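**Q** Residue numbers (my numbering): 5 to 393.
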């Protein structure tokens, strides 16, 4: 009996060993995952976008008249004072036909001026005579030599002539101005006199639109004047993001070419959006956000490109978890928590969401490890092989 019992025990042990070997051989291997930790620390919610610098008060000086622009000696970056002459414009002369027309108009205006002067002198003579006649009728009326009606007619005639004399004086002044304007067109001394283009404010020449001598028309931009020491940052955002911006929020300026970040504050959100075509050809409604630097940076100039990070919310101590560990399931957020080498699905409540971390309001404890970038094949209860990041 003993040999038979030993044989059976040995066979049973062999079968059990085979079953255990088959179990360990056929069971799924642990899923390799990256893991992170829920921790207590600061959290910022930010928006990142490109921006450009802009001079706060920029003046575009345009040509006041049409004519030939003389070459200016100014250079870009040069300082100018208010009312300083920036350039000279010589108005164009008249051709033969225009000169003859202008000469005829000047002669007509001179004739009208003479007629107005004659009319005024005639009325002054008539008015003087009417006043003497009215004075005689006053004396005769008091003596009873003339009727009241004759006395009133004499007085009314003097009053009417006074009004006519005043109208004639106004007509004479108008004719004089018209003659002066007509004569200015044919006066060669005035035609060749340059018109000065002056600076509206003190500052620096930011841009010279026309450096060489050329013919310009009235209203053509010639110079951009401004103070590069007073800069603002213009950041354009999607209108859906712009509604989250408030004046006073902190802005970090990076990627400007120097070391470190520059600090700025949102000064205003422009009230109107504009349409911009994205790189994919999609029309987007965007809004300009204006930020002011807290400390001027002399190395920055007008229209420099920068990277702006607008801080929407800032918390010093919150329970946070990497954003890459979150996924949507049903009506809420969930994470996979690693417990004893297995992935356990857990529902969490989320508050603020930053670019790399999110605030956890409930469902996790500090120090718990979570799966980062959970794959589709990962399910609750599955064994995982974690790599802590």
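Cβ coordinates follow ideal geometry from the N, Cα and C atoms, glycine included. From a predicted model like this one, the values you see are computed outputs, not experimental measurements.
Given that a residue counts as buried once 16 or more other Cβ atoms are within 10 Å of its Cβ, and exposed if not, what is residue 83?
**A** Exposed.
**Q** Taking C-alpha atoms, which residue in 388, 141, 93, 256 lies nearest to residue 310?
**A** Ranking the options by Cα distance to residue 310, first place goes to 256.
**Q** In the DSSP assignment, find the alpha helix (DSSP H) that holds residue 245 and state where it starts and stops.
**A** Unbroken alpha helix (DSSP H) run through residue 245: 243 to 246.
**Q** Between which two residues does the beta strand (DSSP E) carrying residue 93 extend?
**A** Residues 89 to 94.
**Q** Considering only C-alpha positions, which residue in the set 75, 285, 69 is nearest to residue 213?
**A** With distances taken between Cα atoms, residue 213 lies closest to 75.
**Q** Is the CB-CB distance between residue 324 and residue 361 below 7 Å?
**A** Contact flag set, yes.
**Q** Would you say the stretch 291 to 304 touches the stretch 322 to 336, given that touching needs at least three Cβ pairs under 8 Å?
**A** Taking 8 Å as the limit for Cβ pairs, the verdict is that the stretch 322 to 336 does not touch the stretch 291 to 304.
**Q** Name the DSSP bridge partner or partners of residue 208?
**A** Residue 208 is bridged to 83, 230.
**Q** Quick one: Cα of residue 308 to Cα of residue 343, how far?
**A** Between residue 308 and residue 343, the C-alpha separation is close to 52 Å.
**Q** In its own chain, which residues sit with a C-beta less than 8 Å from the C-beta of residue 300, not counting the 5 before and 5 after it?
**A** The residues are 233, 234, 235.
**Q** Using CA atoms only, rank isn't needed, just tell me which of 85, 239, 388, 186 is closest to residue 57.
**A** Selected option, being the one with the closest Cα: 239.
**Q** Should the stretch 161 to 177 be called in touch with the stretch 119 to 129, which here means at least 3 C-beta pairs below 8 Å?
**A** A contact exists between the stretch 161 to 177 and the stretch 119 to 129.
**Q** Please report the straight-line C-alpha distance between residue 350 and residue 40, rounded to a whole angstrom.
**A** Each residue's Cα considered, the two are about 15 Å apart.
**Q** Could you name the residues that DSSP lists as bridge partners for residue 71?
**A** According to DSSP, residue 71 bridges with 220.
**Q** Name the residue from 38, 334, 43 whose alpha carbon lies nearest to the alpha carbon of residue 320.
**A** Nearest of 38, 334, 43 to residue 320, Cα basis: 43.
**Q** Quick one: Cα of residue 267 to Cα of residue 384, how far?
**A** Roughly 46 Å separates the two Cα atoms.
**Q** Beta-carbon within less than 8 Å of residue 141's beta-carbon, same chain only, minus the 5 sequence neighbours each way: which residues are those?
**A** Same-chain partners within the cutoff: 150, 154, 155, 158, 159.
**Q** Could you tell me how far apart the beta carbons of residue 179 and residue 117 are, in whole angstroms, since I believe they sit closer than 8 Å?
**A** Contact flag correct, Cβ pair sits at about 4 Å.
**Q** Under a three-way DSSP split, which group does residue 5 fall into?
**A** Because residue 5 carries a pLDDT of 48, less than 50, the predicted location of this residue cannot be relied on, and the following value inherits that uncertainty. Residue 5 falls in the coil class under three-state DSSP.
**Q** According to DSSP, is residue 371 helix, strand or coil?
**A** Three-state result, residue 371: coil.
**Q** Buried or exposed: which applies to residue 49, given that a residue is buried once 16 or more other Cβ atoms fall within 10 Å of its Cβ?
**A** Answer is buried; the Cβ neighbour count reaches 16.
**Q** Measuring only the C-alpha atoms, how far is residue 429 from residue 337?
**A** Past the boundaries of the shown model lies residue 429; the chain is included only from 5 to 393, so the question cannot be answered.
**Q** Ends of the beta strand (DSSP E) at residue 289?
**A** Start and end: 287 to 297.
**Q** Could you have a look at residue 152 and say whether DSSP puts it in helix, strand or coil?
**A** Helix.
**Q** Can you check DSSP and say which residues form a bridge with residue 254?
**A** In the DSSP output, where bridge partners are listed per residue, residue 254 has 269.
**Q** Between residue 115 and chain D, is any beta-carbon pair separated by less than 7 Å?
**A** This model lacks chain D altogether, as it is built from one protein chain only.
**Q** Just tell me which of 112, 169, 254 has its CA closest to the CA of residue 132.
**A** Nearest option by C-alpha distance: 169.
**Q** I need the straight-line Cα distance from residue 345 to residue 387, nearest angstrom please.
**A** Going from the Cα of residue 345 to the Cα of residue 387 covers about 6 Å.
**Q** DSSP has residue 202 in a bridge; who is on the other side?
**A** Bridge partners of residue 202: 89.
**Q** Between which two residues does the beta strand (DSSP E) holding residue 356 run?
**A** Here the beta strand (DSSP E) through residue 356 covers 346 to 357.
**Q** Compare the beta carbon distance of residue 64 and residue 228 with 7 Å and say whether it is the shorter of the two.
**A** The answer is yes: Cβ separation under 7 Å.
**Q** Is residue 377 helix, strand or coil when you go by DSSP?
**A** Reduced to three states, the DSSP call for residue 377 is coil.
**Q** Once you ignore the five residues that flank residue 5 on each side, which residues in its own chain have a CB closer than 6 Å to its CB?
**A** Confidence is the limiting factor: at residue 5 the pLDDT is only 48, short of 50, which leaves the residue's position unreliable, though a coordinate-based value still follows. Cβ within range, chain order: n/a, list empty.
**Q** Evaluate residue 139 with the Cβ neighbour count: other Cβ atoms within 10 Å of its Cβ, from every protein chain shown; 16 or more gives buried, anything less gives exposed.
**A** The residue is exposed, with fewer than 16 neighbouring Cβ atoms inside 10 Å.
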